[in-house]
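Asks: A single structure is presented below for examination.
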Amino acid sequence: MFQRLPEADAAARVAFTLDGRPVEARVGDSVAAALLAAGRSDCRTTPVSGAARGPFCLMGTCFECLVTIDGLGNRQACQVAVREGMRVETQQGKREVGR
Amino acid sequence: MTTAARDHDVAVIGGGLVGSAVAWGLARLGRRVVVVDEGDLALRASRGNFALVWVQSKGLGMPAYARWTVQSVGLWDAFRDELRAQTGVDLCYQRPGGFHLALSEAEMERRADLLARLQAQPGMPEAGYEMLSRAQVLKMLPAIGPEVVGGSYCPLDGHVNSLRLLRALHQGMQALGVAYVPQARVERIERRDGGFAVRAGTHDLRAAQVVLTAGVGNQALGESVGLDVPVRPQRGQLIVTEKAAPFLHHPVVTVRQTDEGGIMIGDSQEERTDPVVGPAILATMADRAQRMFPLIGSLNVVRTWAALRVMTRDGFPIYEQSATCPGAFVATCHSGVTLAANHALALAPAIARGELPADTFSTFSARRFHVPAAA
Chain A
1 MFQRLPEADA AARVAFTLDG RPVEARVGDS VAAALLAAGR SDCRTTPVSG AARGPFCLMG
61 TCFECLVTID GLGNRQACQV AVREGMRVET QQGKREVGR
Chain B
1001 MTTAARDHDV AVIGGGLVGS AVAWGLARLG RRVVVVDEGD LALRASRGNF ALVWVQSKGL
1061 GMPAYARWTV QSVGLWDAFR DELRAQTGVD LCYQRPGGFH LALSEAEMER RADLLARLQA
1121 QPGMPEAGYE MLSRAQVLKM LPAIGPEVVG GSYCPLDGHV NSLRLLRALH QGMQALGVAY
1181 VPQARVERIE RRDGGFAVRA GTHDLRAAQV VLTAGVGNQA LGESVGLDVP VRPQRGQLIV
1241 TEKAAPFLHH PVVTVRQTDE GGIMIGDSQE ERTDPVVGPA ILATMADRAQ RMFPLIGSLN
1301 VVRTWAALRV MTRDGFPIYE QSATCPGAFV ATCHSGVTLA ANHALALAPA IARGELPADT
1361 FSTFSARRFH VPAAA
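Protein sequences, first through last, are from chains A and B. Counting in our numbering, the first sequence runs from 1 upward without gaps. Counting in our numbering, the second sequence runs from 1001 upward without gaps.
Written out as structure tokens, the structure is:
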């Protein structure tokens, strides 16, 4: 659905994992942008109904892009820049306490 | 535009947890009730509730209050069932037993001493309190931190979804025909034609009886109907976190996990009259909660708020019918959630009959504040 513009595509590569599987991103991507560019439009299920949710506002106000990053849950993917080796995990329902 | 005067059996002043429980209780007996509610800018003590349905440590200095509390808990299941059957709202009332945790040996001793003094009072009801060691607490609350040395436990303690409670009471009372007049601040109550006239803005309401359930506002309102209601506001602050998967299966008096998963923290009792949060108090509350349950530390706080709750001179309720203006009642308390069942199912029927039986209610009269101090 989303494609990088040519100038964005030319930036240096960054590798992270999503649910253990390797994903390639670019320096400067937010985790949310990297997920969208990798073809993932959903990153969690909402605790309220179990429906799939994903990045929406991309500016930190909607709280839909919540993922677990390096073991810490309910991080806003649009507010975190990807780093090499980052472990991103999708979330199911409520935040697991301790993560 | 003036609302035409209408006749009601009872005018309930204040539509919070106490007023709506009384109104619902009266309406289910067939009384024609109007609830006059001040509105969003009122002090709204209900906002400061912690959703506990709590028995533990109540009644030091007034065993009748402990009995009244245990009676209410005994009615809570039936109260919950009736509201659910009538409105479809599930209150999520849980009674897994509750804790008061000690973070030091000194706290543990003070707690044990308090419970011993409490239980030594004649007339205390059976409530099954016990002091538990750290090992015993750990079995029931595996998430406790290393500083918890033990605590007190009472199997009758529980909690409820208080947002749904207020919602169910309002929905239920209106379904039973209660007239709800919101955004209306009562300016004057007068005796008229054998009943009462209540003036609130453009509303001019007539009722045979009037019940004051306006929290801190009861004191001023009481003056015009011969009721002495010495109450003062007491600030409390609350913190709520994002929703987490369930891990805290028993409420602690200052930390609980709601049915939806958020952690609520509430620990302050401040003699202040401004409903404003203070970072120093919030930090202390959060620190204690995290020392009790370290896992809470990683959760995001979603909201903090302050509210002014109602405190009588001795902390115990005032239930009374005016001697000079019979038909005018006051009901004010600190524990509007715990006592909601009693207010609906024991107090309302007494008001409907026009009399608060002395054996249950005389201890709660404000006359208790007029006993001359010992020389």
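The beta carbon of each residue, even a glycine, is placed where N, CA and C say it ideally should be.
So, helix, strand or coil for B/Tyr1065, using DSSP?
Replies: helix
Asks: Spatial neighbours of A/Asp29 within its chain, please: C-beta separation below 6 Å, excluding the five flanking residues on both sides.
Replies: So the qualifying residues of the chain are Val82.
Asks: Per DSSP, which one or two residues make a beta bridge with A/Arg75?
Replies: A/Val67
Asks: Run through chain B and tell me which residues come within less than 8 Å of A/Glu96, C-beta to C-beta.
Replies: Ala1244, Ala1245
Asks: How long is the line joining the alpha carbons of B/Ala1120 and B/Phe1316, rounded to whole angstroms?
Replies: 19 Å
Asks: Our contact map puts B/Leu1091 next to B/Leu1101 with C-beta atoms below 8 Å; I'd like the distance itself, whole angstroms only.
Replies: Actually they are not in contact, since the Cβ atoms of B/Leu1091 and B/Leu1101 sit about 26 Å apart, beyond 8 Å.
Asks: Anyone know if the C-beta pair for A/Thr8 and A/Arg21 falls short of 8 Å?
Replies: Looking at the sequence itself, residue 8 of chain A is Ala, so the reference to Thr does not match. Their beta carbons are not under 8 Å apart, which means A/Ala8 does not touch A/Arg21 by this criterion.
Asks: What would DSSP say about A/Ser41, mapped onto helix, strand or coil?
Replies: DSSP places A/Ser41 in coil when its eight states are reduced to three.
Asks: Using a Cβ cut-off of 8 Å (strictly closer), state whether B/Gly1145 contacts chain A.
Replies: no
Asks: Who are the Cβ neighbours of B/Ala1011 in its own chain at under 7 Å, not counting the five residues just before and after it?
Replies: Val1034, Val1036, Phe1196, Val1198, Leu1205, Ala1207, Val1210
Asks: Determine the extent of the beta strand (DSSP E) in which B/Arg1235 is found, giving its start and end residues.
Replies: 1231–1243
Asks: Can you tell me whether DSSP reads B/Ser1298 as helix, strand or coil?
Replies: Three-state DSSP puts B/Ser1298 in a helix.
Asks: Name the chain A residues that come within less than 8 Å of B/Leu1295, Cβ to Cβ?
Replies: At a beta-carbon threshold of 8 Å, the residues of chain A lying near B/Leu1295 are Val97, Gly98, ordered along the chain.
Asks: Could one say the Cβ of B/Gly1074 lies closer than 8 Å to chain A's Cβ atoms, at least one of them?
Replies: So, not an interface residue.
Asks: Does DSSP classify B/Thr1003 as helix, strand or coil?
Replies: The predicted position of B/Thr1003 is uncertain, since its pLDDT is 44 and thus under 50; no value can be drawn from it.
Asks: Strictly under 8 Å for the Cβ-Cβ distance: is A/Pro47 near chain B by that measure?
Replies: yes
Asks: From what residue to what residue does the alpha helix (DSSP H) around A/Pro6 run?
Replies: 6–9
Asks: Below 8 Å on C-beta distance, what does A/Leu72 contact in chain B?
Replies: Ser1298
Asks: Roughly how many angstroms lie between the CA atoms of B/Leu1115 and B/Ala1184, to the nearest whole one?
Replies: 44 Å
Asks: For my contact list, B/Thr1363 and B/Met1062 are in at a C-beta cut-off of 8 Å; report their separation, rounded to the angstrom.
Replies: 6 Å
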